[in-house]
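Okay, structure first, notes after.
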Amino acid sequence: MNVLLEVFTDYTLRNVALGSALLGVVGGVVGAFAVLRRQSLLGDALSHAALPGICLAFLLAGAKVPLLLLIGGGVAGWLAALAMLAVLKYTRLPEDSALGVMLSAFFGFGVALLTFIQNGDNANQAGLDKFLFGQAATIVAADVATMALIGGLALVIVTLLYKEFKLVSFDPDYASTLGFPAGRLGALLTSLAALAVMVGLQTVGVVLMSAMLVAPAAAARQWTDRLGAMLALSALFGAASGLTGALISASAPQLPTGPFAIVAVSLILILSLLFAPLRGLVWDQLRSRGQRRTLQLDRALLDAHVLYNHAELSVAALAARQHTSEATAASRLRDLEARGLARPAEARWTLTESGLAQARILTGPGRGGPERDLERALIAAARLEEGQGVRLTALRHETGLPAGQVEALARELVGLGWAEPCPAGWELTEQGHAAAHRLEAQLRRAALTPARTGGAL
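In terms of the working numbering, the sequence shown is numbered consecutively and its last residue is 547.
Written out as structure tokens, the structure reads:
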């Protein structure tokens with residue numbers, strides 16, 4: 091709690107926290123477009139390419155002027171980006187190879203310049219190597235203002251060209267056919283990444299800056315499919331990790347801010363990869379397990395339906411048909427009973443009316459007659475229902491069936507436990523929604539399955 095209060099009262103901590111948060115927001119927003127364009131290595135190349143610019147700016151100024159050093163780093167990153175685009179345009183090198191070439195060439199040149207400066211007799215060069223890993227503790231109010239100006243410029247450009255950037259990021263070829271300058275917009279996005287690198291040089295340094303561009307966006311991508319939400323989450327994750335690094339450094343002065351900001355955003359990324367509802371590995375495993383269980387029960391219902399019609403439906407018979415143990419077969423029959431699809435009858439089992447209807451759906455759509463009419467009514471009811479019930483007149487218009495037949499089908503759905511009366515007419519139960527979902531899935535699979543022919547393709 092004392093550390094949180096110091097954010098508002100301590101001059102140094104306030105500057106470090108604001109600078110780290112600004113870096114997280116700008117890096118998260120700009121990095122999201124790099125991730126979507128599959129240019130995650132771009133941040134690494136631009137940040138490493140900034141080192142020779144910093145060294146050349148120092149040699150020209152003869153002193154460590156923070157603004158000049160940042161401008162030098164940004165210009166060097168921008169030149170590296172232009173060089174990368176030229177390599178992609180005029181050579182056959184793939185994009186990742188071009189990025190790797192620029193990263194190695196510029197960073198090697200930067201290390202050579204840094205070694206030359208450190209071996210010289212200029213006393214002002216002390217601390218220049220801190221730009222490798224950052225030194226957030228040296229940030230003052232003027233540095234925060236500079237970072238806010240540069241970062242604000244990048245965010246304003248993203249806001250003004252949001253739709254264009256969105257189109258170029260997802261489909262640059264389509265953007266070109268619509269008349270948008272896809273190449274220039276891509277170059278502008280790359281320039282914005284160079285601006286983001288300028289914001290983060292003093293906080294996390296050239297070596298770790300790429301993580302602040304990629305990790306927040308990669309974590310946000312696990313939580314949403316919408317670009318606007320992804321940008322907001324990426325900015326939030328970046329700001330939170332920057333503040334976390336600043337607070338950890340304040341509580342233990344021997345711990346640096348920049349590296350612990352990277353540790354924090356890495357933890358956010360790991361948690362997102364594991365537990366995000368849309369793409370998290372844990373949720374994916376749970377969904378896969380549920381789908382496997384559903385398929386097993388569907389298979390058990392189909393086998394039970396065959397035994398019910400042509401033999402004796404018992405635990406032993408189902409176990410023999412499914413080539414499994416009697417304990418497993420008994421467990422599946424109990425699961426069918428829990429869903430109202432089967433029930434025990436003395437030493438045997440029998441399917442309920444709902445179970446028989448569900449089995450008919452699973453055997454495949456496309457039949458005519460009463461079964462097909464029932465399926466049409468079920469799907470139409472699921473599409474019409476909006477939480478307020480389904481009126482018979484609306485169902486009649488949707489299915490095209492006579493009024494008397496629609497009423498009979500509604501009574502049959504109620505009898506199967508798939509629907510129940512309500513003040514507005516009647517509404518589907520949970521079993522009814524599940525049956526409609528299964529039937530629609532069957533219809534989609536049937537529509538996507540090509541017809542078999544006797545000849546070869």
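Yeah, the Cβ is synthetic: ideal placement off N, Cα and C, and Gly gets one too.
ask   = How about Gly380 and Gln312: do their beta carbons lie closer than 8 Å?
value = No, Cβ-Cβ distance for Gly380 and Gln312 is not below 8 Å.
ask   = For Trp516, which of helix, strand or coil comes out of DSSP?
value = Strand, per DSSP.
query = Cα-Cα, which of Ala265, Ala307, Leu243, Phe327 is closest to Ser110?
reply = The candidate whose alpha carbon is nearest that of Ser110 is Phe327.
query = What are the complete alpha helix (DSSP H) segments, minimum 4 residues, inside the region 356–400?
reply = List check, alpha helix (DSSP H) in window: 371–400.
inquiry  = Taking its Cβ as the centre, do 16 or more other Cβ atoms sit within 10 Å of Ser378, making it buried, or is it exposed?
reply    = Counting Cβ neighbours within 10 Å, Ser378 comes out exposed, since fewer than 16 surround it.
task = Give the straight-line distance between the Cα atoms of Arg411 and Ala420, rounded to the nearest whole angstrom.
result = Distance between the alpha carbons of Arg411 and Ala420 is about 13 Å.
request  = Assess, as a yes-or-no matter, whether the region 486–502 is touched by the region 434–441 under the definition of 3 or more beta carbon pairs within less than 8 Å.
outcome  = Between the region 434–441 and the region 486–502, the count of C-beta pairs closer than 8 Å stays below three; the two stretches do not touch.
task = Give the straight-line distance between the Cα atoms of Gly458 and Phe365, rounded to the nearest whole angstrom.
result = Note on Gly458: pLDDT 45, under 50, position unreliable in the model; no value is reported.
query = Between the region 331–344 and the region 147–163, do three or more beta carbon pairs fall short of 8 Å?
reply = Output reads no: the region 147–163 does not touch the region 331–344.
key: Close-in-space but distant-in-sequence residues of the same chain around Ile405 (CB under 8 Å, 5 per side omitted)   = In the sequence under discussion, the amino acid at residue 405 is Val, which differs from the Ile named in the question. Listed in chain order, the non-local C-beta contacts of Val405 below 8 Å within the same chain comprise Glu416, Ala419, Ala420, Leu423, Trp439, local neighbours out to five positions each way being set aside.
request  = Taking the CB atoms as reference points, tell me whether Met299 and Ala310 lie closer together than 8 Å.
outcome  = No Cβ-Cβ contact shorter than 8 Å links Met299 with Ala310.
task = Assign Ser444 to one of two classes, buried (16 or more other C-beta atoms within 10 Å of its C-beta) or exposed (fewer than that).
result = It is buried - the Cβ of Ser444 has at least 16 other Cβ atoms within 10 Å.
ask   = What is the rounded straight-line gap between the Cα of Ile240 and the Cα of Leu158?
value = Cα to Cα, Ile240 sits roughly 13 Å from Leu158.
inquiry  = Using 8 Å as the threshold, is the C-beta distance between Met288 and Leu160 below it?
reply    = Taking 8 Å as the cut-off, the beta carbon of Met288 is found closer than this to the beta carbon of Leu160.
query = From Gln129 to Arg528, what distance separates their C-alpha atoms?
reply = Their Cα atoms are separated by approximately 40 Å.
query = Quick one, which of Leu392, Ala232, Ala244, Leu426 has its alpha-carbon nearest Gln292's?
reply = Considering only alpha carbons, the answer is Ala232.
key: Inter-stretch contact (C-beta, 8 Å, three-pair minimum) for the region 173–188 and the region 255–267   = No, the region 173–188 does not touch the region 255–267.
message = Taking the straight line between their C-alpha atoms, what separation do you get for Ala265 and Ala238?
response = The straight-line gap separating the alpha-carbon atoms of Ala265 and Ala238 is approximately 32 Å.
request  = Check whether the Cβ of Thr489 sits closer than 7 Å to any heavy atom of the ligand SAH, and report yes or no.
outcome  = The ligand SAH is not among the ligands present in this structure, which contains no ligands whatsoever.
ask   = Would Pro306 pass as a contact of Gly121 if the rule is Cβ separation under 8 Å?
value = Yes. Within cutoff.
inquiry  = For Leu349, count the other beta carbons within 10 Å of its own beta carbon; 16 or more makes it buried, fewer makes it exposed. Which is it?
reply    = Note that residue 349 is Pro in the sequence shown, not Leu. Answer is buried; the Cβ neighbour count reaches 16.
key: Three-state secondary structure (DSSP) of Ala135   = Per DSSP, reduced to three states, the secondary structure at Ala135 is helical.
ask   = Any idea which residues DSSP pairs Leu441 with across the strands?
value = DSSP lists Ala432 as the beta-bridge partner residues of Leu441.
task = Please report how far the alpha carbon of Ala409 lies from the alpha carbon of Gln386, in whole angstroms.
result = Straight-line Cα distance between these residues: approximately 13 Å.
ask   = Is DSSP giving Ala509 helix, strand or coil here?
value = Correct three-state label for Ala509: strand.
query = Taking just the CA atoms, how far does Ala135 sit from Ala170?
reply = So the alpha carbons of these two residues sit roughly 8 Å apart.
Counted within 10 angstroms of its Cβ, other Cβ atoms place Ser194 as buried (16 or more) or exposed = Answer is exposed; the Cβ neighbour count stays below 16.
inquiry  = I need the straight-line Cα distance from Leu333 to Ala308, nearest angstrom please.
reply    = One C-alpha to the other measures close to 19 Å.
key: Proximal residues to Asn105 (C-beta, below 8 Å), its chain only, five neighbours per side dropped   = For Asn105, where only same-chain residues beyond five positions count, the Cβ hits under 8 Å are Ile229, Val230, Ala231, Asp233, Val234.
query = What are the boundary residues of the alpha helix (DSSP H) that Ile240 is part of?
reply = First-last of the alpha helix (DSSP H) with Ile240: 231–250.
inquiry  = Going by beta-carbon coordinates alone, are Ala525 and Leu464 separated by less than 8 Å?
reply    = No, the Cβ-Cβ distance between Ala525 and Leu464 is not below 8 Å.
task = May I have a chain-ordered list of the alpha helix (DSSP H) segments no shorter than 4 residues that lie completely inside the region 297–343?
result = Complete alpha helix (DSSP H) runs here, min 4: 317–341.
key: DSSP three-state assignment for Val480, whether helix, strand or coil   = Per DSSP, reduced to three states, the secondary structure at Val480 is strand.
ask   = With 16 other CB atoms within 10 Å as the buried threshold, where does Ala531 fall?
value = In this structure Ala531 is exposed. Its beta-carbon is surrounded by fewer than 16 other beta-carbon atoms within 10 angstroms.
message = Taking only three categories from DSSP, how would you classify Ile352?
response = Helix at Ile352.
request  = Inspect the beta-carbon positions of Gly143 and Gly162 and report whether they are closer than 8 Å.
outcome  = If you check the CB distance, Gly143 and Gly162 come in under 8 Å.
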